[in-house]
Amino acid sequence: MFLLTWIRKLYKVLSADASPGAIAFAIAFGITLGCLPLTSGLAMLLIASVLVFRVQISSALLSFVVVKACALAGLSQLFIPVGGWLLENEALHGFWTAALNWPVIAWLDLDRLAVTGGAVVGAAVGAILFGPVVWLVVSYRRWLHDRVSENRFFRWLTNFWIVKGLRFIFVGR
Amino acid sequence: MSTEETKTIDGKKKKTPAADDDAAPEKRTRSGLNPLRWVRWKVVIVLAIVFGGFYLLGLDPLSRWKLNDVGAEGAQGARWNVGALDLGILTGDFDFGKVLVETARKQGRRTEKNRAFSADSISIDFNANQALRKRLWGSVELAAPQLVVRRSRDGSLNVEEIGEEPPTKDDEISESKEPTDWVGAVGRWLEKLKKWEERRRKWMGGKDEPSDEQPGKKKIEIDTKRRITYPFEGITRFVAEKIEGSGLEIRFVDEADSGSGEIPPLTDGRLVIQNVSEKPSVHPEPISWEVSGNLGGGTVTLGGALDLRRGEGDAPPRNDLVVTLTGTQMPLSLANAFAGESLPMVFEKGTVDLVVTMTLTDFEQIDVRPSMQFINVEVSPRPGVKKIANTDAAVFCKHFNEAAKQLDKLVIDDLRITGTYLQPKIELGDTLVTLATSGARALVDKQVEKRIEKGKKELDRFLEKNAPDLKGSEETRKVIEGVEKTLEKGLEGFLKRSR
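Those sequence lines, one after another, are chains U and X.
With the first letter of the first sequence counted as 1, position 11 gets the number -7 in this note's numbering; the numbers rise by one all the way through.
For any residue, its number in this note's numbering is found by taking its place in the second sequence, counting from 1, and adding 786.
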């Protein structure tokens, strides 16, 4: 039931006039969250931010699940080396010594290699995908959704009970 | 409820309820520039109700239950019983981070007899600035703290076990089970302190090591707990900046009862301990303390500092313990009770004003410099003791008593104890040697000469300081010098005649 509700929400998000930038931002948020250990302070801050601020929860959740699966499949192998390169780099010792003792920042667990590495990898992937996601949403709305919805064959197809049933299950109307 | 215009797959336009508020296009357009609309206020309210309700109704009792659960087992090396707990985060005065713990004693409930430490309440004021930096720094205020120092039959002190895990066989000190007096018990405690410090250094050395990585061994599961430590090497996470208590009472319970007399409790006391941290080697300030109060009719102050800070650069760490004991009008019977068989003589009567400075380096090398003024003192040799200061014990005590009778105050400030606390080396000063070898009269002469010398210096200082105020002409100065000389001659003559 949760999955169905989620799919319906995604459909609504894609079909409605929600800003493509906001959707891409939410996906980047979810990707970053997916790269972090959930017990870290930074992950908790991101979760709280997703809940409290008007971030697209469904898009963020989708990207979080996908990236978490990728992390379990092997993406997490990148986190420790990246975190290690950043945190153990002698040139940055001064910066990290100061930064990790700043108020609030100290609670984010950035001293953990997996957290810093995961955050950097996640933010980088999110930033890289930001543009393509915006383009995909715009394309979907401009081309696929509108054209398919105005296509006569699809209009005819939706008159069948089985299609109506499936549409009700997945789209909710 | 907000609505949104959705074009369905069959091409119809519909007004439908929004999937969530952020998806509503009109609202989004309006809310884009208004930061207040970026927040899901309903979620904030729900979270506030959930956490607020938990705090108001459940947090205090839950914390108290957990604290008592831990305290009842004594797994942390001590047992405690918290009567009431107020975390006070949302108290009316918005005193962030203030925790008030009322003990069972305060609430009049039955508590364990002779509990090592108890207080009516413990108020902890956390430093919010440090809390934001993930550090637990705070000040502790104790109301009417009571400490019971118990010496068991084997001579060990109960304060040895506070904060320690139950002893293992390795921790046992081989020669420590013979009964000792309080002085011996303190020595044994110092030995334990030294071992504790060694263990602490070893632990701190091992703790900061990063977790081992196995090169070449590929595994999907990563060590998410691996962290860097260098940013926190010079940082102490847990610091009691100040522990303060008034109305302090310290009771001394002697289960060994060596017959040296009962020690009266220290009452109306005050306790201040500063800079207790989990990493004293890097904390900028050394640990210091001061305990004062009334003991047996006199006033006593025990102050000190424990410096475990790392030296500059590659310099070895300091391990210095400095203790200063100041007492006025202290009954000498206390010395019998505390020092017991460590003293070769028994104090029959009298009081003492004393200032004792003890330095303990590396928890081993001691340097004790006492300065004592005995008043109306009388001693007798301890049964079984034949010699004191290389003199027959009875003769020594006779001379000592004679000297004490002749003088208002018998001043001994040239005694020095060095060596280790297990093997102390006592250096008898001129005073005791003269007393033992030349008899009481010689000692009196010596003491009087010392006083005259001291008086001369005081007078010189006084004249130097005050002569200008007297509009001191050369003549006035000569008159004062004349008076000074006359006084000196008079005093010397009087003393010579009195011999």
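Ideal placement from N, C-alpha and C gives every residue a C-beta, glycine not left out.
Keep in mind it's a predicted model, so treat the numbers as computed, not measured.
Reference Thr98/U; option with closest CA among Leu69/U, Trp138/U, Asn133/U, Val130/U: The count along the first sequence starts at 1 and reaches residue 98/U at position 116. Answer by Cα proximity: Leu69/U.
CA-to-CA distance, Leu918/X to Val935/X, given in whole angstroms: The residue you call residue 935/X lines up with position 149 of the second sequence. The residue you call residue 918/X lines up with position 132 of the second sequence. For Val935/X and Leu918/X, the distance between alpha carbons rounds to 38 Å.
Classification of Asp911/X by the beta-carbon crowding that lies within 10 angstroms, buried from 16 upward: Residue numbering aside, residue 911/X sits at position 125 when the second sequence is read from its first letter. Looking at its Cβ environment, which holds 16 or more other Cβ atoms inside 10 Å, Asp911/X is buried.
Where Val1171/X sits in the DSSP three-state scheme: Position 385 of the second sequence, counted from the start, is the residue given in the question as residue 1171/X. In the three-state scheme derived from DSSP, where H, G and I count as helix and E and B as strand, Val1171/X is classed as coil.
Short Cβ contact (8 Å threshold) for Ile1161/X with Lys1195/X: The residue given as residue 1161/X occupies position 375 in the second sequence. The residue given as residue 1195/X occupies position 409 in the second sequence. By the CB criterion at 8 Å, Ile1161/X and Lys1195/X fall inside the cutoff.
CB contact check: Pro2/U to chain X, cutoff 8 Å: Your numbering for residue 2/U matches position 20 in the first sequence. Output row for Pro2/U: interface = no.
Lys50/U classed as buried or exposed, judged by whether at least 16 other C-beta atoms fall within 10 angstroms: For this step, residue 50/U is matched to residue 68 along the first sequence. By the 10 Å Cβ count, Lys50/U comes out buried.
Inter-residue Cα distance where the pair is Asp807/X and Val830/X: Taking the first residue of the second sequence as position 1, residue 807/X is located at position 21. Taking the first residue of the second sequence as position 1, residue 830/X is located at position 44. Residue confidence for Asp807/X is low, a pLDDT of 44 falling below 50, so the modelled location carries little weight; the figure read from the coordinates is stated next. Between Asp807/X and Val830/X, the C-alpha separation is close to 14 Å.
Chain U residues whose Cβ lies nearer than 7 Å to that of Val830/X: Your numbering for residue 830/X matches position 44 in the second sequence. Chain U residues near Val830/X: Val34.
Beta-carbon proximity of Pro733/X to Leu1081/X, cut-off 8 Å: This structure gives no information on residue 733/X, because the portion of chain X shown stretches from 787 to 1285.
Which of helix, strand or coil DSSP assigns to Trp84/U: On the first sequence, position 102 is the one that residue 84/U refers to. Annotated three-state conformation of Trp84/U is coil, per DSSP.
Interfacial residues, the segment 918 to 944 of chain X to chain U, with Cβ spacing under 9 Å: Leu918, Arg919, Lys920, Arg921
Close-in-space but distant-in-sequence residues of the same chain around Glu1150/X (CB under 6 Å, 5 per side omitted): Counting from 1 along the second sequence, the entry for residue 1150/X is found at position 364. Thr1206.
Cβ pair Leu928/X, Gly1090/X closer than 8 Å: Translated into the one-based positions of the second sequence, residue 928/X becomes position 142. Translated into the one-based positions of the second sequence, residue 1090/X becomes position 304. Gly1090/X sits away from Leu928/X, with the two beta carbons spaced by 8 Å or more.
Residues bridged to Gln1159/X [DSSP beta-bridge criterion]: Within the second sequence, residue 1159/X is the residue found at index 373, counting from 1. Beta-bridge pairing by DSSP links Gln1159/X to Asp1139/X, Val1197/X.
Simplified DSSP assignment, three categories, for Ala914/X: On the second sequence, residue 914/X is found 128 positions in, with the first residue counted as 1. Helix at Ala914/X.
Cβ pair Thr1220/X, Glu1213/X closer than 8 Å: For the purposes of this step, residue 1220/X is identified with residue 434 of the second sequence, where counting begins at 1. For the purposes of this step, residue 1213/X is identified with residue 427 of the second sequence, where counting begins at 1. Their beta carbons are not under 8 Å apart, which means Thr1220/X does not touch Glu1213/X by this criterion.
DSSP beta-bridge partners of Met1144/X: For the purposes of this step, residue 1144/X is identified with residue 358 of the second sequence, where counting begins at 1. Note: Met1144/X sits in a beta bridge opposite Val1109/X, Val1154/X.
Sub-8 Å separation of Phe1018/X and Glu1064/X beta-carbons: The residue you call residue 1018/X lines up with position 232 of the second sequence. The residue you call residue 1064/X lines up with position 278 of the second sequence. No. Outside cutoff.
Proximity test, Cβ basis, 8 Å: Tyr841/X and chain U: Residue 841/X sits at position 55 when you count from the first residue of the second sequence. No, no contact with chain U.
Backbone CA spacing between Lys1251/X and Lys1240/X [nearest angstrom]: Taking the second sequence and counting its residues from 1, the one referred to as residue 1251/X is at position 465. Taking the second sequence and counting its residues from 1, the one referred to as residue 1240/X is at position 454. So the alpha carbons of these two residues sit roughly 17 Å apart.
Best match in Gln1159/X, Leu1146/X, Gly1079/X for proximity to Lys980/X [C-alpha to C-alpha]: Taking the second sequence and counting its residues from 1, the one referred to as residue 980/X is at position 194. Per the Cα distances, Leu1146/X.
Contacting residues, own chain, Cβ-Cβ under 6 Å from Arg921/X (five flanking each side not counted): Along the second sequence, one-based indexing puts residue 921/X at 135. Correct list, in chain order: Arg1023.
Residue-level contact to chain U via CB, Glu995/X, 8 Å cutoff: Here residue 995/X refers to the residue found at position 209 of the second sequence. Here the model assigns Glu995/X a pLDDT of 42, short of 50, so the residue's position is not dependable and the matter cannot be decided.
C-beta neighbour in chain X for Asn83/U, strict 8 Å: Numbered from 1 along the first sequence, position 101 holds the residue referred to as residue 83/U. Output row for Asn83/U: interface = yes.
Asp1106/X CB to nearest heavy atom of the ligand ADP below 7 Å: Inclusion of the ligand ADP in the displayed structure is not the case, the ligand content being empty and no account of it being possible.
Status (buried if at least 16 other CB within 10 Å, exposed otherwise) for Pro931/X: Here residue 931/X refers to the residue found at position 145 of the second sequence. Classification for Pro931/X: buried.
Burial state of Ile1029/X (16 or more Cβ within 10 Å): Walking along the second sequence from the start, residue 1029/X turns up at place 243. With 16 or more Cβ atoms within 10 Å of its Cβ, Ile1029/X is classed as buried.
Reduced DSSP secondary structure (H/G/I, E/B, other) of Val1086/X: Position 300 of the second sequence holds residue 1086/X. Here Val1086/X sits in strand by DSSP.
Of the listed residues Gly3/U, Phe77/U, Val130/U, Ser58/U, nearest to Leu95/U (C-alpha basis): The residue you call residue 95/U lines up with position 113 of the first sequence. It is Ser58/U.
Per-residue contacts from Ile1014/X into chain U (C-beta, under 8 Å): Here residue 1014/X refers to the residue found at position 228 when the second sequence is read from its first residue. Under the 8 Å cutoff, chain U gives Leu69, Glu70, Trp78, Asp93, Leu95.
Residue range of the alpha helix (DSSP H) that includes Gly56/U: On the first sequence, position 74 is the one that residue 56/U refers to. Note, Gly56/U: premise wrong, no alpha helix (DSSP H); not H, not E.
Cβ neighbour criterion (16 or more within 10 Å) applied to Lys(-6)/U: One-based indexing of the first sequence puts residue -6/U at position 12. Buried is the call here.
Any chain X beta carbon closer than 8 Å to Ala88/U: On the first sequence, residue 88/U is found 106 positions in, with the first residue counted as 1. Yes, Ala88/U counts as interfacial toward chain X.
Range of the contiguous beta strand (DSSP E) that encloses Ser31/U: Here residue 31/U refers to the residue found at position 49 when the first sequence is read from its first residue. Run containing Ser31/U: none in the beta strand (DSSP E); it sits in the alpha helix (DSSP H), 23 to 34.
Chain U contacts made by the segment 1014 to 1043 of chain X, where a contact means CB separation under 9 Å: The residues in question are Ile1014, Thr1015, Tyr1016, Pro1017, Phe1018, Glu1019, Gly1020, Ile1021.
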